[in-house]
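Chains as they are written, first to last, in this note's numbering: chain A, 1 to 541; chain B, 542 to 993.
Note that CB positions come from ideal geometry on N, CA and C, so glycine has one too.
Treat the numbers as computed from the prediction; the structure is a model and nothing was measured.
Okay, here's the thing in C-alpha cells:
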C-alpha cells in the first residue's frame, strides 16, 4: 500500500541564518522541532497491542461495503507517540506556566482535584443511556450543581445541556423566542451593545432575529437613553454583558431591565464575566431573564486549548418553563429524574401543574457531565466564603494592574472609577506606526501570554487584561514591570518591538498567506518530489 | 483558601497602591441594593480536598460502572479501550490549561495538533478538508444542514429514518427557528434501511439528504445511489457517523459520494462520561470550505520562513463577521479532539483496521448467539459492531430485569422512541473489543432468562 511517508522526516532548517545561529537539526536545546505525524509515521505501524485471543475475522456481515482503499492514517509506536505530543505540548503557553491575562477569558488556575474527581469511574465510565436507576449518583451531580448555580445567581431555573457559552446564548434566546411565541408575540429585533462579544449578534441572527446595535456612553456603559428610545413592540430581547467587555459594571442594569420589561421584551445577560461578581451579586436581583455561565471561565474547568466548555443557562421564572430537554429534577421520594421527551408532559403536569412548554432538545444526551463534576468540585472547595473571595481578589488584582500602569498606558475609563475583574487600555500615545500587536508580541518574549487585543471594538487598539484571582502579588508585579517597559518602548518608537517575538518557537506568522492560499490538511508529497508537499503548497512565497 | 495566593498583607498593600480604603470601594459601581450583605445562603464554607473527595466519591459510588459489568450499550456512545498514554498526554498542563490558540507563536503545539486532527478526520471520512471540531455529533449534524442550505439556497432537508432520534430532535429544535423544513420518518424493525423512501423524497427544493452510517439500528447501506439521486436534483448528501471505528473496516462516506460528513468522535480516545464532553467531527469538500462552521487551523510560514500553523479563514466566524457568521460557535472541543488524535495516532491505519475487525467479529459472534435464543430475532442483515434484535417481550422491562442481574444488556428502542409500539420489542446491542467471553455468556444467560 502507499505508505504515508517512506522517507522519514526532514528537519525544518531555517532558510536564512538567524541571529542565534543555526543547528543541524533545527533544534535549540530544550526547544525541539517536531515534524507532523504524516512525516514520521506510516500505515503499518501501530502503538496498540490487541488481545492474542481476539476472534479472527470470519464470515463478515458487511453487505459488500468492506473498505478496499487505504485511509493513509499514520501510526506511531507508544514511545514515539508520547514524545511527539510531549514535544508539541512544549510549544504551548499555558496557565500552568504563567500569567495568562486574556481579557474576558478568565484564565485562572485549574485545580487538579477537579480532574481527579471527573475521572472517578462512577462518573467517567457510565453511558448516557444507562437505565436511570444505575446512574443516580451522576444525576445527583447535575442536580446539585444546578441547585448551586441557581442559588449563586438568584434565578429560578437552569438549563444544563448547553455545551459552551455561545451554545448557552442560543439556549437563552430560544427560551425567549419560545416564551414570546407562546403569547403570540412575533418580535423580530434583538438589541446588542457595540462592545458585545461576536457570539451575541451571531447567536441572535442564528435564531432568526434582526440585530441592531446600541451605542456606549463615553464612560463605557450602555447608553440608557438611547436604549430606551429604541425599545418598542418589535424588540424581543436586549443582550447585555455585565460586567461589560470594558471590564465595567453596568450601574443602571436594573433600570435597563425594568425598561426592557416595560416594553414587553426580555433581558439576556452574557455571563462571561461572572467571575467578578460571583458570591457578591446575584444577576436575578438585577432583573435578568437568562444568563449563561461559562463553567470553563468562572468555575475553572480547563479550557483545553479551545474547549470543551460548558454553558448552563440560568433562567427567570418567566422563561424556566421553556428550557430545553432533558432536565433533572428530584422528587420528594429522593429519586432524581432525568426528564426526557417521553416524560416531559406528565412530569410538567404532575409536578408543575402546567403543560410542558420546552423548546426541545439542543444536544444528544445531557450536556457536559465531565465539566459538571469539575465545576461542582470547584464550588464545594471554595464554598460561600471562597467564592466571594474569588470575586474580590479578581477585582483587586485587576485594579492593581490598572493603577500600576495608567501612567504609561492610556486607560480610557480609569477616570470614572475602579474597574471590575479586568483592566482596559488603548494604544493612544504609542509612537507613529506602533500598535497593540507590537506590545502583545513583546510580552511573549517576556514570558507572558498577551492580553486580549483589539477587543472590545469600542476602544482603539484595545488591550483587555484579566489577571484573575489566582495570581500572586509577586506574579502581578513581574508582569507590571514587563508591560511598563514595553509600553515605554512603544511610546518611544523602539523598532525592535516590531520584530517580536524573537524567543518564541516561531516568529510572527503570516496569517494573510494562510488565508489567501489555505492549506488545511497535510498533502503527501509526490513520490519523485524533491520538495516536501507542504513546501510546494507555499512555494510561491 | 488553597487556590487564592493573596495574603491579607498583599491585599492591604495593593489597596494602598490603588488608593482605595477597602475592597468594597472597588465594587462601588454595584448599587447597594444589588450587593449581598453576607455569604450566599445555603452553600457551606470552603472545604478541604479530602472533604470534597468524600462527597463526590459517595455520589460516584452510586452509579453502575460500565467497565465493571458486562456492558453492551451503544446508540451514539461507545465503550472502547483507551490507551493509558492518551489520558496522560491530554493532562499535560500545556495542553490542558491553554486557551484557544489566538497567539500562534506560543500555541504551535495546539495548532499543529489541530492540523493533524483535521487531516486524520478528512482521510477517515474520505473528504478533502475537516474543521478543528464541533461540540458533538448532534450539533455538527444540524450545522451541516445549515451549511447545505447556504450552499444550495434551498431549505428542505430529508432525514433518514435511521438517524439517531436525539440528532433528529436537535434538528427539529433548530428548524423551528431557522426556517428549514425537515422531511422525517421513523425506522421500522426491518433489515431494509428505507433508502428508497429517501431517494423518492428528493425534489428540486431539497437542500440535503441526511443519512446515518451505520444507522441507529446498526444497519449499513451503500450510500452511492443516494448520493447520485441527491446530486441529480442539486441536493447534497450529508453522512452522519456516530461510530468512527467502523470506518477502519467499511467504506468511507466520502468515497461513496457524500458532500459533507459529520460525526461523533467520542468512540476514539474520549470516554463515555455520561454523554459529554464529546467531540463533533465535521468534514466536507474543499470547494465548500468557506461555508463551513467552526475553527480551522492552516499552514503558513513565520518571518524566518519556518513552517508554522495559525487559525485561518476566520472571516467566516463570529468574532469577525458577527451577525453574518456561518455559525455562532466559538469554544469547541479542543481537548477531546486532542484525545481523538492521539488515540488515532497510536492505532494508525493498521491498528484501526485490527480494532474494527475485532469489533465486527465479536459482534457477529454475539448476534449469532442471541439470535439462537428462542423467540429472539436478529433484525439486521448487515452491521458493524452494533445490531438490533427483536425480543419476544418488551425490551425496556427486559433491560431493567438484566440490570437486576448485573448486566447492562443494550438500549431498548422504547427509550429512544417512547411512543412507537412497533419498536417496543427492539433491543440495540453494541459489542466492542472490551467485551469478554464471560461477558457474552452473562448477556446470553440474562437475556434467555428475561425472554422466558
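Return the bridge partner residues of residue 213 (chain A) from the DSSP annotation.
-> A:192
Under 7 Å between C-beta atoms, does residue 931 (chain B) make it to chain A?
-> no
Just how far apart, CA to CA, sit residue 741 (chain B) and residue 682 (chain B)?
-> 22 Å
Give the interface partners of residue 825 (chain B) over in chain A, defined as CB-CB distance under 9 Å, in chain order.
-> What residue 825 (chain B) touches in chain A: nothing, since even the nearest Cβ is about 11 Å away.
Segment limits, alpha helix (DSSP H) that includes residue 328 (chain A) = Residue 328 (chain A) -> not in any alpha helix (DSSP H); beta strand (DSSP E) instead, spanning 327 to 330.
Is it the case that the Cβ atoms of residue 139 (chain A) and residue 379 (chain A) are separated by a distance below 7 Å?
-> no
Measure from the C-beta of residue 800 (chain B) to each C-beta in chain A and report whether the shortest distance is under 7 Å.
-> no
Pick out whichever of A:88, A:108 and A:87 has its Cα sitting closest to the Cα of residue 96 (chain A).
-> A:108
Which residue from A:80, A:448 and A:413 puts its Cα closest to that of residue 620 (chain A)?
-> Missing from the structure shown is residue 620 (chain A); chain A here goes from 1 to 541 and no further.
Name the residue from B:620, B:670 and B:770 whose alpha carbon lies nearest to the alpha carbon of residue 970 (chain B).
-> B:620
How big is the Cα-Cα spacing for residue 369 (chain A) and residue 677 (chain B)?
-> 13 Å
Anyone know if the C-beta pair for residue 453 (chain A) and residue 425 (chain A) falls short of 7 Å?
-> no
Taking only beta-carbon atoms, is residue 234 (chain A) less than 7 Å away from chain B?
-> no
Residues of chain B with CB under 7 Å from residue 380 (chain A), in chain order?
-> 588, 593 and 596
If you draw a straight line from the C-alpha of residue 518 (chain B) to the C-alpha of residue 958 (chain B), how long is it?
-> No answer is possible for residue 518 (chain B): the residues shown for chain B start at 542 and end at 993.
Give, in chain order, every residue of the segment 723 to 735 of chain B whose Cβ lies closer than 8 Å to some Cβ of chain A.
-> none
So with Cβ pairs under 7 Å, would you call residue 976 (chain B) a contact of chain A?
-> no
Around the C-beta of residue 331 (chain A), are 16 or more other C-beta atoms found within 10 angstroms, so that it is buried, or is it exposed?
-> exposed
Distance between beta carbons of residue 713 (chain B) and residue 360 (chain A), contact taken as under 8 Å = 6 Å
Residue 242 (chain A) and residue 269 (chain A) closer than 7 Å at C-beta | yes
Looking at C-alpha atoms only, which residue of B:869, B:849 and B:845 is the closest neighbour of residue 856 (chain B)?
-> B:869
Note down, in chain order, every chain A residue with its Cβ under 9 Å from the Cβ of residue 970 (chain B).
-> Residues of chain A passing the Cβ test: none, with the nearest at roughly 12 Å.
Counting only runs of 4+ residues fully inside the segment 848 to 936 of chain B, write out the alpha helix (DSSP H) ranges in chain order.
-> 859 to 862 and 875 to 912
At a Cβ threshold of 7 Å, is residue 9 (chain A) touching chain B?
-> Low local confidence applies: a pLDDT of 45 at residue 9 (chain A) is under 50, so the model's placement there is unreliable, and no value is given.
Roughly how many whole angstroms lie between the Cα atoms of residue 611 (chain B) and residue 605 (chain B)?
-> 11 Å
The segment 482 to 499 of chain A: positions lying closer than 8 Å to chain B by Cβ = 499
By the criterion of Cβ-Cβ separation under 7 Å, what are the contact partners of residue 91 (chain A) in chain B?
-> 649 and 650
Looking only at its own chain, which residues have a Cβ that is under 7 Å from the Cβ of residue 199 (chain A), when we skip the five neighbours before and after it?
-> 165, 166 and 169
Select from the segment 596 to 626 of chain B all residues with a C-beta closer than 8 Å to any C-beta belonging to chain A, and list them in chain order.
-> 596, 597, 598, 599, 600, 601, 602, 603, 604, 605, 606, 607, 608, 609, 612, 614, 616, 617, 618, 620, 624 and 626
Note down, in chain order, each residue of its chain lying with its Cβ closer than 6 Å to the Cβ of residue 449 (chain A), except the 5 sequence neighbours on either side.
-> 93 and 100
Answer yes or no: does any C-beta atom of chain B fall closer than 7 Å to that of residue 183 (chain A)?
-> no
Can a CB atom of chain A be found closer than 7 Å to the CB of residue 881 (chain B)?
-> no
Starting from the beta carbon of residue 52 (chain A), find every residue of chain B whose beta carbon is closer than 7 Å, and list them in chain order.
-> Residues of chain B passing the Cβ test: none, with the nearest at roughly 11 Å.
Is any beta-carbon of chain B found at less than 7 Å from that of residue 514 (chain A)?
-> yes
Going by other Cβ atoms of all chains shown within 10 Å of its Cβ, with 16 needed for buried, is residue 609 (chain B) buried or exposed?
-> exposed
Contained beta strand (DSSP E) runs [length at least 3] in the segment 449 to 537 of chain A, N- to C-terminal order | 463 to 465
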